[in-house]
């Protein structure tokens, strides 16, 4: 019953439910209430104002009690609207189930017909039907129900097609059940919830439509009146006696609004994406909620330094500590590798630098990011934006998703340039062509007008790199730029990055889970596990003699070409969930050298040989890097 | 592109034929015979029979359909008995009024709806978002005919900012200023519901797009947030907004009926309601087929717009 609880938590939906309940209750007990006869005219009492003696809401142009007519009209409008919804849902579902269940030719013919009906402007079709049948409330009901059948038919057909191909339907068929029994026992129970939801969202609409036809004089005929015809009759006295119009009009508004609120609540309660907060839009920069002092920048000529950075994801009551205090730095012209399993926090660390972690749910809760000594965490958006792409640029994984699908690559490159440097379009375009050439894209002059979907994965990634280079940045943060590519293209991209670094003196932060890539490109490497650095140092030293057990186990997972048959040692267990990190070492549960002290309190990152650090109380002995 | 438009036009032919069949069948359902309806219940049987023959109603259904279709293709929609003039003349004259009203409303609801949706999404859960969401809820819940009446009461009668009804002043020049002042209230009343629907859909389409990776790329490039929202996100969201604009155009076009009645606007909708009440079947038939055909054509234009916007659609 979590559905009901979700619905109840939605205060607006609850309000809608309450209002609707009151209206329905009033409509049900109307005949029992001590009201004046709704259709008895009394010309002497015409157009009495509301709150006069004996007529709480006044009287209409024939002296009939408005309150009584309102309640009787509401009763009629609700009944007709609900009846239309039920008829449309039943017939539409029947058509949809037949089309979806039998498929093939039957489906084709039925759905063509449905498409034809949907090609009509909606109210026009209802008018045509009323024209044929003649004015009258029953005919209006038929018309409104009829024009809504296609809507239900199409929805239900879609659901039925999904069900008709499921294994349990095949099983029923094999067990010798007839089509009608299969539809009744297997398909229908699965379709009914969809029908009910579709009805709950359209019943307000149908009440509105029947009221509309009555308003035009094509629905209920005098002296009986639903809300629409009350409004229609009152129209001629709109200016002299507006209350006769306002009373029924406001009632329609209240009913339809209550139904809409309720319908939205039902839909939201059933949409799992809302529960997970996945429909939150990320803000221009990551939220910052720093506790504790801001660390000072590291010394030693670092261009970009990350100091004690903590980034969390706040979802409902849970706090996922994606980055739990990471300290890193990169010098000009240096390449720093960050390596770790998926979910170790390496990407989040990288995105935190320029405040690009999606927020909500991301929050930077501590630490600092210094670029040339200036703290970027919590810097004003304007400052951050000026630096993004200009001083610190990103290259992302999977350029099909990261390039805009509807702009040509040229437009996207030109925009990157013009965001930071006021350049004329021809100039920017020439620059964009140069950029494409510099990342070795053949026929740059013609490729510049291509769209991302017209290029291969490798070409797209080159465009991504060209875009990062557009403003000659000081630092490039490459977040698994080669992961989606095949090996030969990967090698080309890596050598391209290596050349660019040498030629332009770029600092590169390279995020990967591939030791081969680290060995080829990086001067230094930091190994991350569960949001923290467990080991860092010069690439050669760490690759030849890893000192954290995690690093060595991770390296043992890498298959070697030509190394003969060797058992690949997968690490047993899974990384810990970062909202409930254990005390002490996060790797303890998976470590073959675990001891009691590992689980007792914080373990610091300590110096471990020249320019090396490790977070372990019993590291592997460090041998000399040179063998 | 020309080939694509041609292809879409050709594919519209069966839809148009289907529409004509549906309208024809609905009209054929009419109980009793139209001649009696036209001549009234005091007509002599001879006269009824003669009129039936003149109208071709003594022929079989299928034959009647093809005669009707053939005449329509030659621009002959029959003759309205209540107005005593060719249906097509009346429809064209009235459609002009509907087009001005519905066209204006469509422009209003497209721009206002998309803008409201974008702002709402960009400021999700902020004050602007909440205010827009509330107004939108009100907008999609209020019957347009009631809204129109209240607008007349407030802005035309009490404040006297706009005329109460009609398309042109009874005395005075029929210039553009007069048209605008007459058009403002009905166009707004007609646009309200569609604006709400479009705003809702635009908001959710924008929220969907804003989570995509290419938005992060745009931000990482240093594109200003205004550009991220209005250039990157909206362009991508338009792909799912445009079909809804097409659907809403149908609602605006046919919803004009109510507004034309409330504001005494000389349009097809009011003509249809009058024709239904006088049982002028040929006029109803002709009016419905004509407006539906125009809507089909409009939807082709929507498809073409979509293909221009999205280079991934093969044209």
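Chains as they are written, first to last, in my numbering: chain A, 1 to 627; chain B, 1001 to 1315. In this text, a Cβ means the ideal position worked out from N, Cα and C, and glycines have one as well. Nothing here was measured: the structure is a model prediction, and the numbers come from that model.
- According to the DSSP assignment, residue 436 of chain A belongs to the alpha helix (DSSP H) that extends over 425-438.
- One finds 1220 in chain B with Cβ atoms closer than 7 Å to the Cβ of residue 354 of chain A, taken in chain order.
- For residue 310 of chain A, the enclosing beta strand (DSSP E) has its first and last residue at 304-315.
- When DSSP states are grouped into helix, strand and coil, residue 366 of chain A belongs to the strand group.
- Distance from residue 80 of chain A to residue 141 of chain A at the Cβ level is roughly 5 Å; contact confirmed, criterion being Cβ atoms closer than 8 Å.
- Inclusion of residue 1284 of chain B and residue 93 of chain A in the CB contact set at 8 Å is not warranted, their separation being larger than that value.
- With the criterion set as a beta carbon lying under 7 Å from some beta carbon of chain A, the members of the region 1244-1257 of chain B are 1250, 1251, 1253, 1254, 1255, 1257, in sequence order.
- Within the region 149-226 of chain A, the runs of alpha helix (DSSP H) that reach at least 4 residues and sit entirely inside it are, in chain order, 167-174, 179-182, 188-215.
- Put simply, the CB of residue 1129 of chain B is far from chain A, with every gap to its CB atoms at 8 Å or more.
- Contact residues of the region 1077-1105 of chain B toward chain A are absent (C-beta to C-beta distance below 8 Å).
- The beta carbon of residue 76 of chain A lies closer than 6 Å to those of 226 in the same chain, with the five residues before and after it left out.
- Taking 8 Å as the CB threshold, residue 1260 of chain B stays off the interface with chain A.
- One alpha carbon belongs to residue 311 of chain A, the other to residue 420 of chain A, and they sit about 28 Å apart.
- For residue 1221 of chain B, the uninterrupted alpha helix (DSSP H) segment begins and ends at 1213-1221.
- For residue 268 of chain A, the uninterrupted alpha helix (DSSP H) run begins and ends at 243-270, by DSSP.
- One alpha carbon belongs to residue 482 of chain A, the other to residue 18 of chain A, and they sit about 56 Å apart.
- Around the beta-carbon of residue 592 of chain A, fewer than 16 other beta-carbon atoms lie within 10 Å, marking it exposed.
- Cβ proximity to chain B below 8 Å picks out 112, 113 from the region 95-114 of chain A.
- The beta-carbon of residue 1061 of chain B is placed no less than 8 Å from the nearest beta-carbon of chain A.
- Bridge partners of residue 319 of chain A according to DSSP: A/314.
- Among the residues facing chain B, residue 245 of chain A is included, as its CB has a counterpart in that chain under 8 Å away.
- Judged by DSSP secondary structure, residue 81 of chain A falls within the alpha helix (DSSP H) whose first and last residues are 66-102.
- One finds 1221 in chain B with Cβ atoms closer than 7 Å to the Cβ of residue 416 of chain A, taken in chain order.
- Under the 10 Å beta carbon count, residue 531 of chain A is surrounded by 16 or more other beta carbons and is classified as buried.
- Pairing residue 1019 of chain B with residue 1289 of chain B gives a Cβ-Cβ distance under 8 Å.
- For residue 1018 of chain B, the nearest beta carbon of chain A is closer than 8 Å to its own beta carbon.
- Closest in alpha carbon position to residue 1178 of chain B, among B/1224, B/1162, B/1188, is B/1162.
- Runs of the alpha helix (DSSP H) lying entirely within the region 484-558 of chain A, each at least 4 residues long, are 487-504, 515-521, 539-544, 549-556 in chain order.
- For a cut-off of 8 Å, the C-beta gap from residue 479 of chain A to residue 511 of chain A is around 5 Å, short enough to register as a contact.
- Across the structure, residue 456 of chain A and residue 416 of chain A are spaced so that their CA atoms are roughly 21 Å apart.
- Nearest to residue 436 of chain A by C-alpha distance, out of A/177, A/411, A/551, is A/411.
- Of all residues in the region 439-460 of chain A, only 451, 453 come within less than 7 Å of chain B when Cβ atoms are compared, listed by chain position.
- Between residue 432 of chain A and residue 414 of chain A the beta-carbon gap is near 5 Å, inside 8 Å, which marks them as a contact.
- Rounded to the nearest whole angstrom, the C-alpha separation of residue 25 of chain A and residue 198 of chain A is 23 Å.
- Measuring C-alpha to C-alpha distances from residue 61 of chain A to each of A/222, A/527, A/175 identifies A/222 as the nearest.
- The closest CA to that of residue 255 of chain A, considering only A/202, A/267, A/240, is found on A/202.
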